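In the numbering used here, the protein residues as written are 41 to 127. Working notes for the structure below.
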């Protein structure tokens, strides 16, 4: 996009700018009033966003694994989920 029409973005974009833009959009943190202005700051912020996505993914995996194990242990008892609640 930037090479097709320079007016699409502010100034010339580097590879770091493109990475920063992609990760910002993908992680849904948006574009707020506080933004990283230098390439070094953008790299740090991009790393932070990627790390946050990894941590969120791991947390969801742990929770879904616990729910799955809980359901399997209930099925092993031979009781239906409704019967387990009434006990």
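All C-beta atoms, glycine included, are put in the ideal place defined by N, C-alpha and C. Note that this is a predicted model, so its numbers are computed, not measured.
task: Within 10 angstroms of the Cβ of residue 131, are there 16 or more other Cβ atoms? Answer buried if so, exposed if not.
output: For the chain, the structure presents residues 41 to 127; residue 131 sits outside this window and is missing.
_Cβ distance (whole Å) where residue 64 is taken to contact residue 79 below 8 angstroms_ = With a Cβ gap of about 14 angstroms, residue 64 and residue 79 do not count as contacting.
Helix or strand or just coil, what does DSSP make of residue 101? helix
Which word fits residue 66, buried or exposed, when buried means at least 16 other C-beta atoms lie within 10 angstroms of its C-beta? exposed
Where residue 67 sits in the DSSP three-state scheme
coil
- Item | Simplified DSSP state of residue 178, which is helix, strand or coil | Coverage of the chain is limited to positions 41 through 127, which leaves residue 178 absent and any answer about it impossible.
Reduced DSSP category for residue 86 - H, G, I as helix; E, B as strand; rest coil: helix
Check: If you draw a straight line from the alpha carbon of residue 91 to that of residue 105, how long is it in whole angstroms?
Finding: 21 angstroms
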